[in-house]
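If you're matching them up, the sequences are chains D and Y in order.
Each residue of the first sequence is one higher than the one before, starting from 6 at the first, in our numbering.
Each residue of the second sequence is one higher than the one before, starting from 965 at the first, in our numbering.
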Amino acid sequence: MPKFQGVDYYDIDSLLSEEELLVRNTVREFVDENVIPIIEKHNRAGTFPMELVGKMAALGLFGSTLPAQYGCAEMNNVAYGLVMQELERGDSSVRSFASVQSALVMYPIFRYGSETQKDHWLPKLAKGEKIGCFGLTEPDYGSDPGGMITRAVETSDGYILNGAKMWITNGTLADVAVIWAKLDGVVHGFLVEKGTKGFSAPEMKGKHSLRASVTSELILEDVYIPKKNRLPGGSGLKLPLSCLSQARYGIAWGTVGAAMGCYETALNYAKTRIQFDKPIAAFQLIQMRLVHMVTEITKAQLLCLQLGRLKDAGKVRFQQISMAKRNNAYHALEIAREARSILGANGILDEYPVMRHSANLESVMTYEGTHEMHTLIVGEDITGIPAYT
Amino acid sequence: MKIAVCINHVPDTETKIKVGADNVNIDKTGVNYMLSPYDEFAVEEALRIREKFTGDVTVLSLGGDAHKETLRKALAMGVEKAVLLKDDSVRDSNGVAKALAEELRQMSPDVILFGKQSIDYDNAQVGTLVAEMLGLPSVAVVVKLDIQEGKVVCDREIEGGHEIVETKLPAVFLAQKGLNEPRYPSLKGIMAAKSKPIEEKPAAPAEVQVQTIHLKKPPAKGSGKILSTDDSAVSELIRLLREEAKVI
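#1: Taking 8 Å as the threshold (beta carbon to beta carbon), is Y/Tyr997 in contact with chain D?
#2: Look up D/Ile390 in the DSSP assignment and say whether it is helix, strand or coil.
#3: Below 6 Å CB to CB, which residues in the same chain sit around D/Trp126 once its five sequence neighbours on both sides are set aside?
#4: If D/Tyr75 sits next to D/Lys8, beta carbons under 8 Å apart, how far is it from one beta carbon to the other, in whole angstroms?
#5: Measuring CB to CB, does D/Lys199 end up less than 8 Å from D/Ala217?
#6: Can the beta-carbon of D/Thr260 be found closer than 8 Å to that of D/Asn333?
#7: Closest to D/Tyr268 by C-alpha separation, out of D/Gln289, D/Cys309, D/Leu348 and D/Lys210, would be which residue?
#8: Just confirm the distance between the C-beta atoms of Y/Ile967 and Y/Ile981, as a whole number of angstroms; I'd bet it's less than 8 Å.
#9: Considering only DSSP beta bridges, list what D/Asn167 is partnered with.
#10: Measuring CB atoms only, is the segment 1134-1154 of chain Y touching the segment 997-1008 of chain Y, in the sense that at least three cross pairs come out at less than 8 Å?
#11: Less than 8 Å separating the beta-carbons of D/Gly255 and D/Ser104?
#12: If the cut-off is 7 Å on Cβ atoms, which residues from the segment 6-24 of chain D count as contacting chain Y, listed in chain order?
#13: Should D/Tyr372 go down as buried or exposed, given a rule of 16 or more other Cβ atoms within 10 Å for buried?
#14: Select from the segment 53-75 of chain D all residues with a C-beta closer than 9 Å to any C-beta belonging to chain Y, and list them in chain order.
#15: How many Å lie between D/Glu367 and D/Ser205 at the Cα?
#16: Scan the segment 275-300 of chain D for residues whose Cβ lies nearer than 9 Å to a Cβ of chain Y and list them as they occur along the chain.
#17: Closest Cβ-Cβ distance between D/Val28 and chain Y: below 8 Å?
#18: Once you ignore the five residues that flank Y/Asp1052 on each side, which residues in its own chain have a CB closer than 6 Å to its CB?
#19: Between the alpha carbons of D/Ala131 and D/Cys77, how many angstroms are there, rounded?
#20: So, with DSSP's three-state summary, where would you put D/Cys248?
#21: Determine the DSSP secondary structure at D/Thr397, reduced to helix, strand or coil.
#22: Could you check how far apart the C-beta atoms of D/Leu215 and D/Ser363 are, in whole angstroms? I think they sit under 8 Å.
#23: Looking at D/Thr177 and D/Ser221, is the spacing between their C-beta atoms short of 8 Å?
#24: With distance defined between alpha-carbon atoms, name the residue in D/Pro207, D/Lys243, D/Thr160 and D/Gly211 nearest to D/Trp185.
#25: Examine the Cβ distances between the segment 187-194 of chain D and the segment 235-252 of chain D and report whether three or more of them are shorter than 8 Å.
#26: Please work out which residues of its chain come closer than 6 Å, Cβ to Cβ, to Y/Glu1066, disregarding the five sequence neighbours upstream and downstream, and give them in chain order.
#27: Would you give the residue range spanned by the alpha helix (DSSP H) that Y/His973 belongs to?
#28: Please state if the CB of D/Met378 and the CB of D/Val12 are separated by a distance shorter than 8 Å.
#29: Identify each residue in the segment 134-161 of chain D for which the Cβ-Cβ distance to at least one residue of chain Y is less than 7 Å, and report them in chain order.
#30: Thinking Y/Val1023 and Y/Ile971 are a contact (beta carbons under 8 Å), I'd like their distance in whole angstroms, please.
#31: In the DSSP assignment, the beta strand (DSSP E) including Y/Ala968 goes from what residue to what residue?
#32: Between the segment 1019-1049 of chain Y and chain D, which residues of the former have CB atoms less than 7 Å from a CB of the latter, in chain order?
#33: Taking CB distances under 8 Å as the criterion, tell me whether D/Gly80 reaches chain Y.
#34: For D/Phe35, would you say it is in contact with chain A, using Cβ-to-Cβ distances shorter than 8 Å as the test?
#35: Locate the alpha helix (DSSP H) running through D/Ala84, then write down its first and last residues.
#36: Hey, out of Y/Ala1135, Y/Lys1032 and Y/Ile1162, whose CA is closest to Y/Asp1074's CA?
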């Protein structure tokens, strides 16, 4: 397997610092050597590559923007984005695992957790000794999470949780679930540990997408947790939404990775596949599609980079993150489909990564805020008129 | 234990090399660079020796500012110090070795490591020349390095077999693939490397003894020939190997 040489039509590398480049190149090499050789096998079997967890932790890929005192790398957001990009070039499942662990488990504990919760969980999650998941979405409440049914009732020394969550990445694998539930009508975050009585996390089967990722239901039946397991740093729907902003930021970058993988495959194929006595890359129809692909990748790269610079400056707005997630997931899927078509029948084989990326990106278009919801978020932002209902 | 590793910044193995307009240098546009792979084994070995015996590791590289990228990678892997011997000219092996030897003489490390060759010009001379210039023993193509009380035992690859040799420190060792499995720099290591300084010094001058006159690409490969897909291909292949290729 040749090493990935990157797609950088606009010399965007020249806008990255030495550390950012080194982070990107390190994870790029890691993905070439550790993810790509095994991912098709897991995708076929429908299993998550657990063998990568320790290696990813040793590299420092979990919670990499959090402070060093928790064993994290304390990197900036651009470097974090580049990590997500490279992981998703391997597979959306691997990026999803790292996204959930970092943005949806470590981040809420770091931002809303008590000192005790932070000291207990963050180092273990950073080392990959513990795995986390994030329970917000419910069977009947996806784009409208405020309608959630899951409830917490306060007792003398703790809480009783009841409800069900669905589409939870890492659910079955997780040692700790960040569960969002309404307490007296207001959303709060709770830490529920694996093995707690009444809590189960069956895996959802039959996926045609994200096959190398574990997706689960979380079932809570009179689950008692002590007082100390509530995240004390705030309440309201804005808490889980702030976590989603972190994760969506990573997805905006990640999808660029999947798109680059597909483009590279299509370009190489087109240059070597001979029909009518010449490489198919010599045909105008193929060139037009390759040009469209590389142009959309370049635009997506620039969106990500400026978004990251805004985030590092503390100036980013969640609507800007919506724009990048919306655009990049959409075009990555379009690029994956184009790549499949350039590869012709070969495109459907798992000898090439394009059909796997294409199937994965169908989920990525929908999860972490659907394409439509992000459209309405930006729509409200520019018109001042909410159009959700 | 004071350990020094000499490393080189070379074109990525996957990069497509083009000969420059002057026919003497390569065209550097669009070329990705990397830490020379054999040098990476040397850096890893240095870190393992330090982890076992304590001490510190310094990496040295001779070249222009671009070499800082490769020095930074070594720092991110866990090396303590980096020295850039600044020189933008093109040197022959002797010129590179002279500048490195000059610096190493002042440092006087216990262990000096190189890759067995850097993969740009493939001369495989610099490490051995440096050892000669410093009057130190050198062991090349090392696949196992075992530092013991008062001696060092090395396993080195030779044609068709292995040779086990013994020497004493200080000495120069040239790493071969198989010596170890180099670590990835961790993200924490990369962040820590930011605060480690790269010391810049002018490289000691050296006279050019061997000069490149001309760089040429190998001739383009001809296209393959596909014989028929049925059994008749076998006899046809044998005939062609005999009569055309004349190899059997």
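Just so you know, even glycine gets a beta-carbon here, dropped at the ideal spot from N, CA and C.
Given the structure is predicted, the values throughout are model-derived calculations rather than measurements.
To lay it out plainly:
#1: no
#2: coil
#3: Ile114
#4: At roughly 33 Å, the Cβ-Cβ gap does not stay under 8 Å, so D/Tyr75 and D/Lys8 are not in contact.
#5: no
#6: yes
#7: D/Leu348
#8: Incorrect: roughly 33 Å between the Cβ atoms, too far for contact.
#9: D/Arg156
#10: yes
#11: yes
#12: Pro7, Lys8, Gln10, Glu23 and Glu24
#13: buried
#14: Lys60, Ala63, Leu64, Gly65, Leu66, Ser69 and Ala73
#15: 27 Å
#16: none
#17: yes
#18: Gly1028
#19: 6 Å
#20: helix
#21: There is no way to answer for residue 397 of chain D, as the model of chain D reaches only from 6 to 394.
#22: Rounded, the Cβ-Cβ distance is 12 Å, inconsistent with contact.
#23: yes
#24: D/Lys243
#25: yes
#26: Ala1168
#27: No alpha helix (DSSP H) contains Y/His973, which is instead part of the beta strand (DSSP E) from His973 to Pro975.
#28: no
#29: none
#30: 5 Å
#31: Lys966 to Cys970
#32: Glu1033, Arg1036, Lys1037 and Ala1040
#33: The sequence as given places Met at residue 80 of chain D; Gly does not occur at that position. D/Met80 counts as touching chain Y.
#34: In the structure shown, chain A does not exist; the protein chains are D and Y.
#35: Asn82 to Gly95
#36: Y/Ala1135
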